[in-house]
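Here the sequence shown is numbered in our numbering, starting from 53 and rising by one per residue.
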Amino acid sequence: MLNNFIFENENPEWTRSEMEEMMGRLSRKTLQEKIPVLIVVDGWESSGKGFVISRLIKGLDPRYFEVSVFEEPTDEERKHPFMWRFWKSIPKKGTTAIFDRSIYFKLMHNLRMDDYELKTAVEEISVMEKQLHADDTIVLKIFLHETRETQAKRIREYEEGKYQSFFISSRDYRQNKLYDKYLKHFSKILAWSHTEACPWKVFSSEDLKACAKEVLRYAVNYIGCGIDRILKNRTMQYSPYRNYVEDRHLLNTVDLAASIEPADYRTEKKRLQTEIAELAMRFKAEEIPMVVVFEGMDAAGKGGCIRRLTAKIDPRLYHVSTTAKPSSEEYRYHYLWRFYRRLPKNGEITIFDRSWYGRVMVERIEGFATEKEWDRAYEEINDFELYMTRHDTLLIKFFLYIDSEEQYNRFKAREENPQKAWKLTDEDWRNREKWDAYVVSMNEMLARTDKASPWVLIAGNDKKYERIEVLKEVRRRMEEHLAAVTARRARRKARKEERK
C-alpha cells in the first residue's frame, strides 16, 4: 500500500528558508557540473501538486528550470508513440525539469487497464527512467497522498473559490467517488515502478504547508546525494559491466560477389517500387508508423538505396533524417533524445541515413563517448527499438557492406568526379585508416542489437543487386507487418469488448 513509501524526515532542524537557499546552491552546482534534474510530482487530484511545486522552485533561478503539465495528450501527441511527448521534455544538462502530473498520468487515471497493459506501460516508463539515471540525470519521484475526506473537502473549497473552480475536472469527482479502487490502483503502479535507481517517495498532503516543507527537505537530501553519486561515477572511465566476448563475425557471412543482371534490375525495380508505394498508402490508411534504418561502410550506397526506395512513394508520407554529428543543442541531452523527437507519426515513414548506432561505432572509435557510455548503449538501443515495435511500428534495419578495395575505388571515383567530389571529406579518408577497428565495432553492434528487429545484411559491391535486395526486403516486411498489425488490433478490440 501507499504507506510503505511514506518519507521519514531527515535533518528536521533545517528551516524552510535554509532549505530554499540550499536548493538554490544545489541548482547552481548542477548547472556548473552540467547535471540534469528531473522532478516528477504526481498524486491524487486536489492533493496540492501546484502548491508543492511552487515551494520547490522558490529558491531556483527561473532561467534554469521549466515546469511541464501533463494531462490528456493533444491530437499531435496522439499521433506519436506514448513516450514521445515526455522524451521531448526531459531536462537539458545543467537544468531542472519539473513534471506536474507526469509520465504516469495515463496509467494513474485508467482503471480499465488490465495487469498486462499496466505492467507493459510501467516497464516502458521504468526503462526511460533507468536510461536517464545511467546518463547522470537525477530523477526524483514524489507522490502526494490524501484521504478521501480531505479530497472531498478540497473539491468543495475549489467549487466555492472565486478563481479556483477551473482547477477541478471530472477526474476529481471520479477519484473521490471510486476512492478505494483508485487507492488500490495507485498502490500497484507505485509498487511496480519503484526501483532502487528511481524510487518513489509518498508524502501526506493533509497539511499542505507541512507537506511542502518535507518535500523540500527530501529534495535537498536527494539531489545532494545525486550530485555526489554522479561526480564519483565520472571518475570511472571504464565499464564495470563489460564482459563481451567477440564470437560472432557476421560481416564474414556476406557474399560480396552477389550480383544481378541489368535487365532483371530494371524490371524488378519498377515492380517493387510500385508495390511499395501502394503499401505506403495502406500504412497511411491504417495509421501504422514505419522506421527504416540505413547503416554501413562509408560509400556503401545508402543514398542510392534511399532514392530508389522513395522514388514512387507520395512525398507527404515520408521523411529522410540524415544523422550527422550532434549539434551543440543536441549534446545537452541524452543521446537518444534527438531520435525520439524524429520518430514518425502514425501512418508516416521516417528513413534514417545513419542513426542512433553512431553511439557504438563513430562515438566509440573516435572517443566521443567513454567505454562506460557506449557499452551500456547496446541495452539502451535494444530497449528503444523494442519500445517502437510494441507500438505497432515497423522497424527495418539495413547494414550495407562493401570490402576495403571497393570502398577505395569509390572514394577515388568521387575524388575525380566534380559532380560527386562534395560527397568525399577528409573525415572519410581518416575513417578508412581505422577500417579494422570499425569492423570490430560493427560486428559487435550487429551481434548485440539483433533483437526487437533483426539486422538485414546486404552485399553492396554490386549497387544494383544491393538496391533490389533492399526493395525486396521492404516490400516483404511491409506485407507481413500489415497482416500482423491487423490481426493484433482485432484481438485488442475483442479483449476490450469482453471487459465491457
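Glycine residues also receive a C-beta, built at the ideal position from the N, C-alpha and C atoms.
All values reported here derive from a predicted model rather than from experimental measurement.
According to DSSP, what are the bridge partners of Val345?
As a first step, residue 345 is located in the sequence shown; it is residue number 293 there, counting from the start. Note: Val345 sits in a beta bridge opposite Phe404, Lys449.
Does the segment 66-79 come close enough to the segment 156-170 that 3 or more CB-CB pairs lie under 8 Å?
Result no; under three Cβ-Cβ pairs closer than 8 Å.
C-alpha gap between Ala542 and Glu347, whole angstroms:
Translated into positions along the sequence shown, residue 542 becomes position 490. Translated into positions along the sequence shown, residue 347 becomes position 295. Near 35 Å, if we compare the C-alpha coordinates of Glu347 and Ala542.
Inter-stretch contact (C-beta, 8 Å, three-pair minimum) for the segment 167-186 and the segment 107-120
No: fewer than three Cβ pairs fall under 8 Å.
If you draw a straight line from the C-alpha of Arg466 to the C-alpha of Trp474, how long is it?
As a first step, residue 466 is located in the sequence shown; it is residue number 414 there, counting from the start. As a first step, residue 474 is located in the sequence shown; it is residue number 422 there, counting from the start. Cα-Cα distance, rounded: 8 Å.
Taking 7 Å as the limit between beta carbons, can you name the residues of its chain near Asn513, skipping five residues before and five after?
Here residue 513 is taken as the residue at index 461 of the sequence shown, counted from 1. Closer than 7 Å at Cβ, skipping near neighbours: Leu308, Ile454, Asp455, Glu458.
Kindly list the residues whose CB is nearer than 6 Å to the CB of Arg360, restricted to its own chain and excluding five residues on each side of it in sequence; keep chain order.
What you label residue 360 is simply residue 308 of the sequence shown in a count that begins at 1. Once the five neighbours on either side are set aside, the close Cβ partners of Arg360 are Arg519.
Distance, Gly355 Cα to Tyr234 Cα
By one-based count along the sequence shown, residue 234 stands at place 182. By one-based count along the sequence shown, residue 355 stands at place 303. Using only the alpha carbons, I get a separation of about 53 Å.
Evaluate Ser154 with the Cβ neighbour count: other Cβ atoms within 10 Å of its Cβ, from every protein chain shown; 16 or more gives buried, anything less gives exposed.
As a position in the sequence shown, residue 154 is number 102, starting the count at 1. Under this definition Ser154 is a buried residue.
Residues in the same chain with beta-carbon distance under 6 Å from Lys554, minus the five sequence neighbours each way, listed in chain order, please.
Nothing can be reported for residue 554, as the shown portion of the chain is limited to 53 through 552.
Round the Cβ separation of Ser373 and Asp405 to the nearest angstrom and send it over; I've been treating them as touching at under 8 Å.
Mapped onto the sequence shown, residue 373 falls at position 321. Mapped onto the sequence shown, residue 405 falls at position 353. Confirmed, about 7 Å.
Going by beta-carbon coordinates alone, are Glu400 and Val537 separated by less than 9 Å?
The residue you call residue 400 lines up with position 348 of the sequence shown. The residue you call residue 537 lines up with position 485 of the sequence shown. No, these two residues do not count as a Cβ contact at 9 Å.
Rounded to a whole number of angstroms, what is the C-alpha to C-alpha distance between Lys144 and Tyr387?
Start at 1 with the first residue of the sequence shown, and residue 144 comes out as number 92. Start at 1 with the first residue of the sequence shown, and residue 387 comes out as number 335. Taking C-alpha positions only, Lys144 is separated from Tyr387 by approximately 11 Å.
Asp366 - DSSP class collapsed to helix/strand/coil
As a position in the sequence shown, residue 366 is number 314, starting the count at 1. Asp366 falls in the coil class under three-state DSSP.
Measure the C-alpha to C-alpha separation of His246 and Trp252 and round it to an integer number of angstroms.
Your numbering for residue 246 matches position 194 in the sequence shown. Your numbering for residue 252 matches position 200 in the sequence shown. Cα-Cα distance, rounded: 6 Å.
Could you tell me the distance, in whole angstroms, from the CA atom of Lys503 to the CA atom of His443?
Locating residue 503 in the sequence shown gives position 451, where the first residue counts as 1. Locating residue 443 in the sequence shown gives position 391, where the first residue counts as 1. Here the alpha carbon of Lys503 sits roughly 16 Å from the alpha carbon of His443.
For the segment 231-269, list the beta strand (DSSP E) runs that are entirely contained and at least 3 residues long, ordered along the chain.
The DSSP assignment places complete beta strand (DSSP E) segments of no fewer than 3 residues inside the segment 231-269 at 252-256, in order along the chain.
Mind pulling the beta strand (DSSP E) runs of 3 or more residues that sit fully within the segment 116-174?
Listed in chain order, the complete beta strand (DSSP E) runs (minimum 3 residues) inside the segment 116-174 are 117-121, 148-152.
Alpha carbon to alpha carbon, how far is Trp244 from Phe238? Give it in angstroms, no decimals.
Within the sequence shown, numbered from 1, the residue matching residue 238 stands at position 186. Within the sequence shown, numbered from 1, the residue matching residue 244 stands at position 192. In a straight line, the C-alpha of Phe238 is about 10 Å away from that of Trp244.
Give a yes or no on whether the C-beta atoms belonging to Thr172 and Leu90 are separated by under 9 Å.
As a working mapping, residue 172 is identified with position 120 in the sequence shown. As a working mapping, residue 90 is identified with position 38 in the sequence shown. Not closer than 9 Å, so no.
C-beta contact flag for Asp152 and Gly111 at 9 Å:
Walking along the sequence shown from the start, residue 152 turns up at place 100. Walking along the sequence shown from the start, residue 111 turns up at place 59. Not a contact, by the Cβ cut-off of 9 Å.
Would you kindly work out how many angstroms separate the C-alpha atoms of Thr375 and Ser407, rounded to a whole number?
On the sequence shown, residue 375 is found 323 positions in, with the first residue counted as 1. On the sequence shown, residue 407 is found 355 positions in, with the first residue counted as 1. Straight-line spacing of the CA atoms in Thr375 and Ser407 works out to 6 Å.
Whose CA, out of Leu268, Tyr225, Lys424, lies closest to the CA of Met288?
Locating residue 288 in the sequence shown gives position 236, where the first residue counts as 1. The shortest C-alpha separation from Met288 is found at Lys424.
Our contact map puts Lys516 next to Pro367 with C-beta atoms below 8 Å; I'd like the distance itself, whole angstroms only.
Looking up residue 516 in the sequence shown gives position 464. Looking up residue 367 in the sequence shown gives position 315. That belief does not hold up - the Cβ atoms of Lys516 and Pro367 are roughly 24 Å apart, past 8 Å.
Judging by CA-CA distance, which residue of Ile241, Lys284, Leu369, Phe451 is the nearest neighbour of Leu302?
Taking the sequence shown and counting its residues from 1, the one referred to as residue 302 is at position 250. Check the Cα spacing between Leu302 and each of Ile241, Lys284, Leu369, Phe451: the tightest is with Phe451.
What number of angstroms, rounded off, separates the C-alpha of Gly76 from the C-alpha of Glu248?
As a first step, residue 76 is located in the sequence shown; it is residue number 24 there, counting from the start. As a first step, residue 248 is located in the sequence shown; it is residue number 196 there, counting from the start. The straight-line gap from Cα to Cα measures roughly 26 Å.
Rounded C-alpha distance that separates Met135 from Asn398:
Within the sequence shown, numbered from 1, the residue matching residue 135 stands at position 83. Within the sequence shown, numbered from 1, the residue matching residue 398 stands at position 346. Taking C-alpha positions only, Met135 is separated from Asn398 by approximately 14 Å.
Note down the Cα distance separating Ala332 from Trp96, rounded to an integer number of angstroms.
As a position in the sequence shown, residue 332 is number 280, starting the count at 1. As a position in the sequence shown, residue 96 is number 44, starting the count at 1. Approximately 43 Å between the Cα atoms of the pair.
Where do the ends of the alpha helix (DSSP H) carrying Trp507 lie?
Your numbering for residue 507 matches position 455 in the sequence shown. Not the alpha helix (DSSP H): Trp507 falls in the beta strand (DSSP E), residues 507-511.
Secondary structure, alpha helix (DSSP H): runs of 4+ residues fully inside the segment 82-109:
Counting whole runs of 4 or more residues, the segment 82-109 contains the alpha helix (DSSP H) stretches 101-108.
Beta carbon of Trp426 nearer than 9 Å to that of Glu415:
Locating residue 426 in the sequence shown gives position 374, where the first residue counts as 1. Locating residue 415 in the sequence shown gives position 363, where the first residue counts as 1. Yes, these two residues count as a Cβ contact at 9 Å.
Cut-off 7 Å between Cβ atoms - residues of its own chain near Lys86, not counting five sequence neighbours on either side
Here residue 86 corresponds to residue number 34 of the sequence shown, with the count starting at 1. Correct list, in chain order: Lys145, Gly146.
So is Val92 buried or exposed if we call it buried at 16+ other beta carbons inside 10 Å?
Counted from its first residue, the sequence shown places residue 92 at position 40. By the neighbour-count criterion, in which a residue is buried when 16 or more other Cβ atoms sit within 10 angstroms of its Cβ, Val92 is buried.
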